[in-house]
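Here's the structure, in C-alpha coordinates; my notes come after.
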Amino acid sequence: HRNTPDIATNVQAIEGTPARVTEQVTEEDGRILLNGEIWSARCAPGTTLPVGARVLVESIDGAIAVVVARP
94 HRNTPDIATN VQAIEGTPAR VTEQVTEEDG RILLNGEIWS ARCAPGTTLP VGARVLVESI
154 DGAIAVVVAR P
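To convert, take the position in the sequence shown, counting from 1, and add 93; that gives the numbering used here.
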(Lines of atoms letter the chains of each structure in order from A; the text may use other names.)
(Lines give C-alpha, C1' and ligand atoms only; values in the text may rest on other atoms or scores of the structure.)
Protein backbone atom coordinates (compact mmCIF):
# COMPACT_ATOMS: atom_id res chain seq x y z
CA HIS A 94 0.00 0.00 0.00
CA ARG A 95 1.50 3.29 -1.09
CA ASN A 96 0.74 6.66 0.50
CA THR A 97 0.45 9.77 -1.64
CA PRO A 98 0.29 13.30 -0.29
CA ASP A 99 -2.97 15.24 -0.46
CA ILE A 100 -2.27 17.34 -3.53
CA ALA A 101 -4.99 19.39 -5.19
CA THR A 102 -5.40 18.54 -8.85
CA ASN A 103 -7.47 19.79 -11.76
CA VAL A 104 -10.30 22.08 -10.61
CA GLN A 105 -9.31 21.91 -6.93
CA ALA A 106 -5.86 23.23 -7.82
CA ILE A 107 -7.36 26.31 -9.52
CA GLU A 108 -9.92 27.30 -6.88
CA GLY A 109 -8.55 30.10 -4.71
CA THR A 110 -5.94 31.10 -7.31
CA PRO A 111 -5.42 34.83 -7.89
CA ALA A 112 -5.98 36.21 -11.39
CA ARG A 113 -6.28 39.57 -13.19
CA VAL A 114 -9.19 40.81 -15.29
CA THR A 115 -8.22 41.38 -18.95
CA GLU A 116 -11.74 42.07 -20.28
CA GLN A 117 -14.50 43.41 -18.02
CA VAL A 118 -16.17 40.57 -16.09
CA THR A 119 -19.93 40.58 -15.52
CA GLU A 120 -22.42 37.95 -14.44
CA GLU A 121 -22.58 36.83 -18.08
CA ASP A 122 -19.08 37.10 -19.56
CA GLY A 123 -15.52 38.38 -19.28
CA ARG A 124 -11.89 37.29 -19.48
CA ILE A 125 -9.16 36.83 -16.90
CA LEU A 126 -5.46 36.01 -16.99
CA LEU A 127 -5.02 32.89 -14.86
CA ASN A 128 -1.67 31.13 -14.58
CA GLY A 129 -0.50 32.70 -17.85
CA GLU A 130 -3.62 31.71 -19.80
CA ILE A 131 -6.74 33.65 -20.80
CA TRP A 132 -9.91 32.14 -19.31
CA SER A 133 -13.58 32.96 -19.77
CA ALA A 134 -14.98 34.25 -16.50
CA ARG A 135 -18.10 35.52 -14.79
CA CYS A 136 -18.94 36.95 -11.39
CA ALA A 137 -21.93 37.32 -9.06
CA PRO A 138 -25.14 38.91 -10.39
CA GLY A 139 -25.12 42.70 -10.06
CA THR A 140 -21.32 42.78 -9.94
CA THR A 141 -18.91 44.13 -12.54
CA LEU A 142 -15.14 43.73 -12.32
CA PRO A 143 -13.12 46.22 -14.42
CA VAL A 144 -10.03 45.55 -16.51
CA GLY A 145 -7.00 45.30 -14.24
CA ALA A 146 -8.97 44.20 -11.16
CA ARG A 147 -7.37 41.52 -9.05
CA VAL A 148 -9.68 38.58 -8.47
CA LEU A 149 -9.74 35.12 -6.90
CA VAL A 150 -11.14 32.06 -8.62
CA GLU A 151 -14.06 30.94 -6.46
CA SER A 152 -15.00 27.92 -8.57
CA ILE A 153 -14.92 26.46 -12.06
CA ASP A 154 -18.18 25.93 -13.95
CA GLY A 155 -17.37 23.85 -17.02
CA ALA A 156 -14.69 25.93 -18.76
CA ILE A 157 -15.65 29.20 -17.05
CA ALA A 158 -13.95 30.59 -13.96
CA VAL A 159 -16.34 32.09 -11.43
CA VAL A 160 -14.44 34.92 -9.75
CA VAL A 161 -14.74 37.36 -6.86
CA ALA A 162 -12.87 40.59 -6.17
CA ARG A 163 -9.73 40.13 -4.12
CA PRO A 164 -9.87 41.85 -0.75
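Positions of the beta carbon are idealized from the N, C-alpha and C atoms, including for glycine.
Scanning Cys-136, Arg-147, Pro-164 and Ala-162 for the CA closest to the CA of Asp-122 turns up Cys-136. Contact between Val-161 and Ala-134 does not hold, since the beta-carbon distance rounds to 11 Å and is not under 8 Å. Residue pairing by DSSP places Pro-111 opposite Leu-149 in a beta bridge. Here Ile-131 has Thr-115, Arg-124 and Ile-125 as same chain residues with Cβ atoms under 8 Å from its own Cβ, once five neighbours each way along the sequence are excluded. For Val-118, the beta-bridge partners assigned by DSSP are Leu-142.
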